[in-house]
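A.B. asks:
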Amino acid sequence: MKNIYIIGIGLIGGSLAIDIKRNDPEVVIHGISRKDATLEEALSLNLIDKKATLDDIAYADLVILAIPVDATVKLLPTVLDKVSDSALVIDAGSTKLDICKAVENHPKRRNFLAMHPIAGTEYSGPSAAISNLFVGKTNIICEVEKTTFKLQEKALELFKFMGMRIRYMNPEAHDKHIAYVSHLSHISSFMLGKTVIEKEKNERDIFDMAGSGFASTVRLAKSSPEMWTPIFRQNKTNVIETLEEYINNLTHFKKLMESDDFEAVFDEMKNTNHIKDILEGIS
Numbered sequence: 001m002k003n004i005y006i007i008g009i010g011l012i013g014g015s016l017a018i019d020i021k022r023n024d025p026e027v028v029i030h031g032i033s034r035k036d037a038t039l040e041e042a043l044s045l046n047l048i049d050k051k052a053t054l055d056d057i058a059y060a061d062l063v064i065l066a067i068p069v070d071a072t073v074k075l076l077p078t079v080l081d082k083v084s085d086s087a088l089v090i091d092a093g094s095t096k097l098d099i100c101k102a103v104e105n106h107p108k109r110r111n112f113l114a115m116h117p118i119a120g121t122e123y124s125g126p127s128a129a130i131s132n133l134f135v136g137k138t139n140i141i142c143e144v145e146k147t148t149f150k151l152q153e154k155a156l157e158l159f160k161f162m163g164m165r166i167r168y169m170n171p172e173a174h175d176k177h178i179a180y181v182s183h184l185s186h187i188s189s190f191m192l193g194k195t196v197i198e199k200e201k202n203e204r205d206i207f208d209m210a211g212s213g214f215a216s217t218v219r220l221a222k223s224s225p226e227m228w229t230p231i232f233r234q235n236k237t238n239v240i241e242t243l244e245e246y247i248n249n250l251t252h253f254k255k256l257m258e259s260d261d262f263e264a265v266f267d268e269m270k271n272t273n274h275i276k277d278i279l280e281g282i283s
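The opening position of the sequence shown corresponds to residue 1 in UniProt numbering, with each subsequent residue numbered one higher.
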């Protein structure tokens, strides 16, 4: 795969570009973006070798869509229309069901591999791209059986070089599970940030008192609304379900405090400490 076209040169697209180039310095990485300024920045950072347009992807060996999920749903069928029969097309979206449905009956569905690398930071844009972002990270692949075997092999070889751990999942299960472990945490962070910002209007010293615990908890509130709003829209049903459960737990915790039942408060936190064993088991 020598001619690589990346649509969306931000954190994920740019980081993929860095590692692909490290794997094979001879590849030519072409960048495609709505904004020419983004491509200019990507060129200046050596993330891409050339600018390109959608019409150019007829010459692609590999096309990666690393754009907001609503844009992927709209653009993916067009990309498949334009690529050659031997090209591999990959998306990196945080939702999978709507994306897979958008091309389920496409004549070149066999050229598409749906993936979601569970990696990232709270930053966006070309300057956010970093090397080795995907080392040790889980990469969820959906509907792998619908991708032609030769292209599966090429993709898995690339993912292996990047140090990714591969999991296979159907799109429905992916979207349900990711609502808990990713989408809910982003909403929690955004709303914690909102609560503190509103309070800060009257208490100017509040940020002087913020420690590392606050900083780490609210970190995700720096994430791009342009990326996350479409994710919440596409995964609305699952996200609402997780929010209802989360709100119920918050309400229960509040009631325990209101009733001065701090023994139960202790038990709630002690029982939840089990999360560290789960996370250590994953790592």
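The beta carbon of each residue, even a glycine, is placed where N, CA and C say it ideally should be.
Note down the Cα distance separating F214 from A221, rounded to an integer number of angstroms.
C.D. replies: The sequence position of residue 214 within the sequence shown is 214, counting from 1. The sequence position of residue 221 within the sequence shown is 221, counting from 1. The straight-line gap from Cα to Cα measures roughly 11 Å.
A.B. asks: For M115, which residues does DSSP report across the bridge?
C.D. replies: Here residue 115 refers to the residue found at position 115 of the sequence shown. In DSSP, M115 forms a bridge with I141.
A.B. asks: Quick one, are the C-beta atoms of H30 and I4 less than 9 Å apart?
C.D. replies: Taking the sequence shown and counting its residues from 1, the one referred to as residue 30 is at position 30. Taking the sequence shown and counting its residues from 1, the one referred to as residue 4 is at position 4. Cβ distance < 9 Å, so H30 and I4 count as in contact.
A.B. asks: Residues in the same chain with beta-carbon distance under 6 Å from S131, minus the five sequence neighbours each way, listed in chain order, please.
C.D. replies: Against the sequence shown, residue 131 aligns to sequence position 131. The residues are I18.
A.B. asks: Can you pull the DSSP bridge partners for H30?
C.D. replies: Counted from its first residue, the sequence shown places residue 30 at position 30. The partner list for H30 (beta bridge, DSSP) reads Y5, K50.
A.B. asks: So, for V27: in the same chain, excluding its five sequence neighbours on each side, which residues have a beta-carbon less than 8 Å away from its beta-carbon?
C.D. replies: Against the sequence shown, residue 27 aligns to sequence position 27. Excluding sequence neighbours, V27 sits near M1, K2, N3, I4, I20, K21.
A.B. asks: Just to confirm the assignment, what range does the beta strand (DSSP E) spanning Y168 have?
C.D. replies: As a working note, residue 168 is residue 168 in the sequence shown. Per DSSP, Y168 belongs to the beta strand (DSSP E) from 165-169.
A.B. asks: Using DSSP with H/G/I as helix, E/B as strand and the rest coil, what is residue 287?
C.D. replies: With the chain running from 1 to 283 in the structure shown, residue 287 is simply not present.
A.B. asks: Quick one: what does DSSP say D91 is sitting in, helix, strand or coil?
C.D. replies: Walking along the sequence shown from the start, residue 91 turns up at place 91. D91: strand per DSSP, three-state reduction.
A.B. asks: Going by C-alpha to C-alpha distance, which of G8, I48, I32 sits closest to P25?
C.D. replies: Along the sequence shown, one-based indexing puts residue 25 at 25. Of the listed residues, the one whose Cα sits closest to P25 is I48.
A.B. asks: Check each candidate in Y59, D81, I275, A173 and name the one with the smallest Cα separation from N238.
C.D. replies: Position 238 of the sequence shown, counted from the start, is the residue given in the question as residue 238. Considering only alpha carbons, the answer is A173.
A.B. asks: Check whether the segment 33-53 and the segment 156-163 are in contact - that is, three or more C-beta pairs closer than 8 Å.
C.D. replies: no
A.B. asks: Report back the beta-carbon spacing between L65 and V83 to the nearest angstrom; my notes put them in contact at under 8 Å.
C.D. replies: Position 65 of the sequence shown, counted from the first residue, corresponds to residue 65. Position 83 of the sequence shown, counted from the first residue, corresponds to residue 83. Contact flag wrong, Cβ pair sits at about 12 Å.
A.B. asks: Pull up the distance between the alpha-carbon of A87 and that of S94, whole angstroms please.
C.D. replies: The residue given as residue 87 occupies position 87 in the sequence shown. The residue given as residue 94 occupies position 94 in the sequence shown. Using only the alpha carbons, I get a separation of about 23 Å.
A.B. asks: Using only the alpha-carbon positions, how far apart do T53 and S212 sit?
C.D. replies: As a first step, residue 53 is located in the sequence shown; it is residue number 53 there, counting from the start. As a first step, residue 212 is located in the sequence shown; it is residue number 212 there, counting from the start. Cα to Cα, T53 sits roughly 44 Å from S212.
A.B. asks: Could you check whether the segment 177-197 touches the segment 101-115, counting it as contact only if at least three pairs of C-beta atoms, one from each stretch, sit closer than 8 Å?
C.D. replies: no
A.B. asks: Note down, in chain order, each residue of its chain lying with its Cβ closer than 6 Å to the Cβ of A128, except the 5 sequence neighbours on either side.
C.D. replies: Against the sequence shown, residue 128 aligns to sequence position 128. By the criterion of a C-beta distance shorter than 6 Å, A128 is surrounded in its chain by L11, once the five residues flanking it on both sides are discounted.
A.B. asks: Write down the C-beta distance between V89 and N111 rounded to the nearest angstrom, noting that I regard them as a contact closer than 8 Å.
C.D. replies: Working through the sequence shown from its first residue, we reach residue 89 at position 89. Working through the sequence shown from its first residue, we reach residue 111 at position 111. Distance from V89 to N111 at the Cβ level is roughly 5 Å; contact confirmed, criterion being Cβ atoms closer than 8 Å.
A.B. asks: Taking DSSP as the reference, what is the three-state secondary structure of I67?
C.D. replies: Within the sequence shown, numbered from 1, the residue matching residue 67 stands at position 67. If DSSP states are grouped into helix, strand and coil, I67 belongs with coil.
A.B. asks: What distance in whole Å lies between the Cβ atoms of S33 and G8, which are believed to be in contact at a cut-off of 8 Å?
C.D. replies: Stepping through the sequence shown from its first residue, residue 8 is reached at position 8. Stepping through the sequence shown from its first residue, residue 33 is reached at position 33. With a Cβ gap of about 7 Å, G8 and S33 count as contacting.
A.B. asks: If we call anything under 9 Å between Cβ atoms a contact, is L76 one with D91?
C.D. replies: Indexing the sequence shown from 1 puts residue 76 at position 76. Indexing the sequence shown from 1 puts residue 91 at position 91. Yes. Within cutoff.
A.B. asks: In the DSSP assignment, what residue or residues form a beta bridge with L62?
C.D. replies: Start at 1 with the first residue of the sequence shown, and residue 62 comes out as number 62. Its beta-bridge partners are I4, L88.
A.B. asks: Candidates K236, G120, P126: which alpha carbon is nearest K35's?
C.D. replies: Here residue 35 refers to the residue found at position 35 when the sequence shown is read from its first residue. Each of K236, G120, P126 was checked against the Cα of K35, and the nearest Cα belongs to P126.
A.B. asks: Ignore the nearest five residues each way along the sequence and tell me which others in P225's own chain have a CB closer than 7 Å to its CB.
C.D. replies: Here residue 225 refers to the residue found at position 225 of the sequence shown. Excluding residues within five positions, none has a Cβ falling inside 7 Å.
A.B. asks: Is it buried or exposed for T147, if we count other Cβ within 10 angstroms and need 16 for buried?
C.D. replies: The residue you call residue 147 lines up with position 147 of the sequence shown. With 16 or more other Cβ atoms within 10 Å, it is buried.
A.B. asks: Ignore the nearest five residues each way along the sequence and tell me which others in F190's own chain have a CB closer than 6 Å to its CB.
C.D. replies: The sequence position of residue 190 within the sequence shown is 190, counting from 1. Only residues of its own chain outside the window of five on either side were considered, and among them A221 have a CB closer than 6 Å to the CB of F190, listed in chain order.
A.B. asks: Tell whether a beta-carbon distance below 9 Å holds between R165 and T121.
C.D. replies: To locate residue 165, count along the sequence shown from 1; it is residue 165. To locate residue 121, count along the sequence shown from 1; it is residue 121. No. Outside cutoff.
A.B. asks: Determine the DSSP secondary structure at N235, reduced to helix, strand or coil.
C.D. replies: Walking along the sequence shown from the start, residue 235 turns up at place 235. Coil.
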